[in-house]
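Participant:
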Amino acid sequence: MFQQTMKTDPGSHAVVIGGSIAGMLTARVLTNHFDRVTVIERDALPETPEFRKGAPHARHAHGLLARGQQIMESLFPGLTEELQALGAIPTNMGRGLNLYVGGVRVQPFESEIEVTISSRPLLENAIYRRLRTLPGVSFLLGYDVTGLTTDEERQKVTGISLRQRGQGNQEEQTLAADLVVDASGRGSRLPQWLEALGYQPPSETSVDSQTAYMTRVYRRTATTPMLYAMPQAPDHARGCIVIPVEGDRMLVTLIGLNGEQAPTDEAGFLAYARSLPVPGFYETIVAAEPLTEPYGFQRAANRLRHYDKLPRYLEGVLAIGDSFYALNPVYGQGMTVAALGALTLNDCLYDHRQRATATDMTGLARTFHKKLAKVNAGPWQLATGQDLRWPCAAEGYRPDPVTRLIQRYFDRLLVAMADNGELAEAFSQVQNMLKPPTSLFHPRIVWQALRSGSQAGKPANSRPAMSEGDAWNTIREAPAL
953 MFQQTMKTDP GSHAVVIGGS IAGMLTARVL TNHFDRVTVI ERDALPETPE FRKGAPHARH
1013 AHGLLARGQQ IMESLFPGLT EELQALGAIP TNMGRGLNLY VGGVRVQPFE SEIEVTISSR
1073 PLLENAIYRR LRTLPGVSFL LGYDVTGLTT DEERQKVTGI SLRQRGQGNQ EEQTLAADLV
1133 VDASGRGSRL PQWLEALGYQ PPSETSVDSQ TAYMTRVYRR TATTPMLYAM PQAPDHARGC
1193 IVIPVEGDRM LVTLIGLNGE QAPTDEAGFL AYARSLPVPG FYETIVAAEP LTEPYGFQRA
1253 ANRLRHYDKL PRYLEGVLAI GDSFYALNPV YGQGMTVAAL GALTLNDCLY DHRQRATATD
1313 MTGLARTFHK KLAKVNAGPW QLATGQDLRW PCAAEGYRPD PVTRLIQRYF DRLLVAMADN
1373 GELAEAFSQV QNMLKPPTSL FHPRIVWQAL RSGSQAGKPA NSRPAMSEGD AWNTIREAPA
1433 L
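Counting from 953, one number per residue, gives the positions in the sequence shown under the numbering used here.
#1: If contact is defined by three or more beta carbon pairs under 8 Å, each pair taking one atom from either stretch, is the segment 1202 to 1213 in contact with the segment 1164 to 1179?
#2: So which of TRP1145, ARG1264, LEU1295, MET1045 has the shortest CA-CA distance to ASN1384?
#3: To the nearest angstrom, report how far apart ALA1108 and LEU1266 are at their CA atoms.
#4: Below 8 Å on the Cβ atoms is my contact criterion, and I expect MET1182 with ILE1195 to pass it. Report the Cβ-Cβ distance as a whole number of Å.
#5: Could you tell me whether the segment 1082 to 1091 touches the segment 973 to 991, where touching means 3 or more Cβ pairs closer than 8 Å?
#6: For PRO1411, count the other beta carbons within 10 Å of its own beta carbon; 16 or more makes it buried, fewer makes it exposed. Which is it?
#7: Can you pull the DSSP bridge partners for SER1070?
#8: Identify every residue that forms a DSSP beta bridge with HIS965.
#9: With distances taken between CB atoms, is the gap from SER1070 to ALA1037 smaller than 8 Å?
#10: DSSP beta-bridge partners for SER1113?
#11: Give the secondary structure of TYR1302 by DSSP, where H, G and I count as helix, E and B as strand, and everything else as coil.
#12: How do the segment 1221 to 1237 and the segment 1275 to 1295 stand: do at least 3 beta-carbon pairs fall below 8 Å, yes or no?
#13: If we ignore side chains and look at the alpha-carbon of each, how far apart do TYR1349 and GLU1066 end up?
#14: Would you check if the distance between the CB atom of GLY1094 and the CB atom of ALA979 is smaller than 8 Å?
#15: If you measure from the CB of HIS1304, is any heavy atom of the ligand GDP nearer than 7 Å?
#16: Apart from the five residues just before and just after PHE1028, which ones in its own chain have a Cβ nearer than 6 Å to its Cβ?
#17: Have a look at GLN1213 and GLU1064 and give me their C-alpha separation to the nearest angstrom.
#18: Would you identify the three-state DSSP class for THR1236, choosing helix, strand or coil?
#19: Among VAL967, SER1404, LEU982, ARG1264, which one has its Cα closest to the Cα of ALA1129?
#20: Can you list, in chain order, the residues of its chain with a C-beta nearer than 6 Å to that of SER964? Leave out the 5 residues immediately preceding and following it.
#21: Taking the alpha carbon of ARG1084 as the reference point, which residue from LYS1387, GLU1245, SER1161, GLY975 has its own alpha carbon closest?
#22: Within 10 Å of its beta-carbon, does LEU1209 have 16 or more other beta-carbons around it, so buried, or fewer, so exposed?
#23: To which residues of the same chain is TRP1145 closer than 6 Å at the C-beta, ignoring the five residues directly before and after it?
#24: Tell me, please, whether the segment 1283 to 1302 touches the segment 1329 to 1340 by the rule of three or more beta-carbon pairs shorter than 8 Å.
#25: Kindly list the residues whose CB is nearer than 7 Å to the CB of PRO962, restricted to its own chain and excluding five residues on each side of it in sequence; keep chain order.
#26: Please tell me whether ARG1255 and ARG1138 are closer than 8 Å, where the distance is taken between their beta carbons.
#27: Once DSSP output is grouped into helix, strand and coil, what is the label at LYS1387?
#28: Report the option in THR1068, TRP1399, GLY1330 whose CA atom is closest to the CA atom of VAL1197.
#29: Hey, how far is the Cα of GLU1374 from the Cα of PRO1389?
#30: Find the nearest neighbour of VAL1159 within the set PHE1320, ARG1257, ALA1345, ASP1352, judged by alpha-carbon distance.
#31: Could you give the DSSP three-state label for GLN1213: helix, strand or coil?
#32: Note the first and the last residue of the continuous alpha helix (DSSP H) segment covering VAL1367.
#33: Three-state secondary structure (DSSP) at ILE1065?
#34: Nearest-angstrom Cα distance between ALA1408 and MET1369?
#35: Report the option in THR983, GLY971, LEU977, LEU1017 whose CA atom is closest to the CA atom of LYS1387.
#36: Taking 6 Å as the limit between beta carbons, can you name the residues of its chain near GLN1250, skipping five residues before and five after?
Laid out in structure tokens, this is it:
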């Protein structure tokens, strides 16, 4: 999975902008190819697992998908065991997750998928502690990157300019680098920096289902289950996630799409929870001891900056993670997409080094961005395909007949898997990025969804079963992801 042996060039230096999970995974793979790696982070990263101002999304329920866990384990061997020793909870996706779709519970099923559940700060801190012990890795904390430095012809990056936070009048410093990777997230300023240097910034595509999170931390008991009540267009715009985490806590996240949003006051928060079609959910949190006030989060739109389609590339600078592909967090793909990005970068650098030195970045930007766009196409289509079914995101959008057929098929699949373990496992394999979305169009899967979809679960949003002809059309018309 992961090429770990690579001779680095003495004196070669890479800089990563951003010290979140995407940035730290990127820094880890760069240690295979560069003598020194410096991570620039605006915040002071805590020594222990704590929420920090620069990562407001970290307060909410996060799921590390099985594929992401595999990659992180390959980057940091023993990480999973270490997390579990710190209180993270091993969970089987078939028996340990209570999944509701459209108000109907998916019955427990046999699954090969094992994941480790924790708060995001615990995972981030464990990676940070591992990374900073590696030879050649250093962190510059409390600094803002203010721009890129280039050669006289403005053809390649030579480093960055930066300034200590809170020192607006301080003279900028420069830091030389052979490669700069922007992992600064949704607020990335790389497009503006490129434009200032005479390069065309990437065009953007945005799909916004107006997703809102509201999370509160409670004390948990030994029997607190992992729960996901999945919102489903067009009738179920509310949902929730409950994950038991380290420290005898549980994170309760109330989800709203298409303009729905849980209130911040306790009465409103509980009323919203009571409205969800999940038996026992309201009673569980009413009886639990709250440890925090509710925290909200709304920056959840899918946003793609098309770095793969630039007409001209500034050599020596790359975008990764949310700086390139920012996905709606309701689908739980973000950390795994970041891990896939790091793995893709490692592969591209390995190939690049077969024909160039570590200080020659010519052609890398074009190759990497185009390859990562292909890797991320599946997660992007899954997230935006679902979000475009909400009226607020679909203004002016009219799905073509093939898309409508595929949407109808997925409706039947989600209904059918409520009491069909094989379908539920197939869906979970795709959801955890272990298999591509096209695997759900295998004739055996389509036939089972067709055969049982009209009976399973009997959700409020019932629809007539697809005909056999429609099912086979779905197989033939399935997109190549």
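Glycine is no exception: its CB is placed at the ideal position from the N, C-alpha and C atoms.
On a predicted model such as this, the values are computed, not experimentally measured, just so you know.
Facilitator: The answer reads as follows:
#1: As far as the Cβ criterion goes, the segment 1164 to 1179 touches the segment 1202 to 1213, which means the pair count is three or higher.
#2: What you label residue 1384 is simply residue 432 of the sequence shown in a count that begins at 1. Minimum Cα distance to ASN1384 is reached at MET1045.
#3: Stepping through the sequence shown from its first residue, residue 1108 is reached at position 156. Stepping through the sequence shown from its first residue, residue 1266 is reached at position 314. Before going on, a small fix: residue 1108 reads as Lys here, not Ala. Cα to Cα, LYS1108 sits roughly 6 Å from LEU1266.
#4: Start at 1 with the first residue of the sequence shown, and residue 1182 comes out as number 230. Start at 1 with the first residue of the sequence shown, and residue 1195 comes out as number 243. Not a contact, Cβ separation roughly 14 Å.
#5: yes
#6: On the sequence shown, residue 1411 is found 459 positions in, with the first residue counted as 1. In this prediction, PRO1411 scores a pLDDT of 42, lower than 50, which makes its location untrustworthy; the coordinate-derived value is nonetheless stated afterwards. The residue in question, PRO1411, is buried, as its Cβ has 16 or more Cβ neighbours within 10 Å.
#7: As a first step, residue 1070 is located in the sequence shown; it is residue number 118 there, counting from the start. DSSP lists no partner for SER1070.
#8: Here residue 965 is taken as the residue at index 13 of the sequence shown, counted from 1. DSSP, once it has assigned bridges, lists ARG988 as partnering HIS965.
#9: Within the sequence shown, the letter at position 118 stands for residue 1070. Within the sequence shown, the letter at position 85 stands for residue 1037. Cβ atoms of SER1070 and ALA1037: not closer than 8 Å.
#10: Mapped onto the sequence shown, residue 1113 falls at position 161. SER1113 pairs with GLY1099, THR1126.
#11: Taking the sequence shown and counting its residues from 1, one reaches residue 1302 at position 350. TYR1302 falls in the helix class under three-state DSSP.
#12: no
#13: Here the question's residue 1349 lines up with position 397 in the sequence shown. Here the question's residue 1066 lines up with position 114 in the sequence shown. Each residue's Cα considered, the two are about 38 Å apart.
#14: The residue you call residue 1094 lines up with position 142 of the sequence shown. The residue you call residue 979 lines up with position 27 of the sequence shown. Their beta carbons are not under 8 Å apart, which means GLY1094 does not touch ALA979 by this criterion.
#15: No copy of the ligand GDP appears in this structure; indeed no ligand is present at all.
#16: Position 76 of the sequence shown, counted from the start, is the residue given in the question as residue 1028. Cβ within range, chain order: ARG1082.
#17: The count along the sequence shown starts at 1 and reaches residue 1213 at position 261. The count along the sequence shown starts at 1 and reaches residue 1064 at position 112. Going from the Cα of GLN1213 to the Cα of GLU1064 covers about 35 Å.
#18: Against the sequence shown, residue 1236 aligns to sequence position 284. DSSP places THR1236 within a helical segment (H, G or I) once states are collapsed to three.
#19: The residue you call residue 1129 lines up with position 177 of the sequence shown. When only C-alpha atoms are compared, the closest one is VAL967.
#20: Here residue 964 refers to the residue found at position 12 when the sequence shown is read from its first residue. For SER964, where only same-chain residues beyond five positions count, the Cβ hits under 6 Å are PHE986, ASP987, ASP1130, ALA1310, THR1311.
#21: Along the sequence shown, one-based indexing puts residue 1084 at 132. When only C-alpha atoms are compared, the closest one is GLY975.
#22: By 1-based counting over the sequence shown, the position of residue 1209 is 257. Per the 10 Å Cβ criterion, buried.
#23: Taking the sequence shown and counting its residues from 1, one reaches residue 1145 at position 193. The residues are GLY1099, LEU1100.
#24: yes
#25: Working through the sequence shown from its first residue, we reach residue 962 at position 10. Result list for PRO962: ASP987, in chain order.
#26: On the sequence shown, residue 1255 is found 303 positions in, with the first residue counted as 1. On the sequence shown, residue 1138 is found 186 positions in, with the first residue counted as 1. Yes.
#27: On the sequence shown, residue 1387 is found 435 positions in, with the first residue counted as 1. Three-state result, LYS1387: coil.
#28: Working through the sequence shown from its first residue, we reach residue 1197 at position 245. Measuring from the Cα of VAL1197, the nearest candidate turns out to be THR1068.
#29: As a position in the sequence shown, residue 1374 is number 422, starting the count at 1. As a position in the sequence shown, residue 1389 is number 437, starting the count at 1. GLU1374 and PRO1389: Cα-Cα distance of roughly 15 Å.
#30: Position 207 of the sequence shown holds residue 1159. It is ALA1345 whose Cα lies nearest to the Cα of VAL1159.
#31: Counted from its first residue, the sequence shown places residue 1213 at position 261. DSSP places GLN1213 in coil when its eight states are reduced to three.
#32: Looking up residue 1367 in the sequence shown gives position 415. Looking at the DSSP string, the run of the alpha helix (DSSP H) that includes VAL1367 is 1353 to 1368.
#33: For the purposes of this step, residue 1065 is taken as the residue at position 113 of the sequence shown. Here ILE1065 sits in coil by DSSP.
#34: As a working note, residue 1408 is residue 456 in the sequence shown. As a working note, residue 1369 is residue 417 in the sequence shown. Caution is warranted here: a pLDDT of 44 is assigned to ALA1408, below 50, making its placement in the model unreliable, and the coordinate value is therefore given only provisionally. Rounded to whole angstroms, ALA1408 to MET1369 spans 7 Å at the Cα level.
#35: As a position in the sequence shown, residue 1387 is number 435, starting the count at 1. Among THR983, GLY971, LEU977, LEU1017, the Cα nearest to that of LYS1387 is on LEU1017.
#36: Locating residue 1250 in the sequence shown gives position 298, where the first residue counts as 1. If we look at GLN1250 and ignore the five residues flanking it on each side, its Cβ neighbours are ALA1164.
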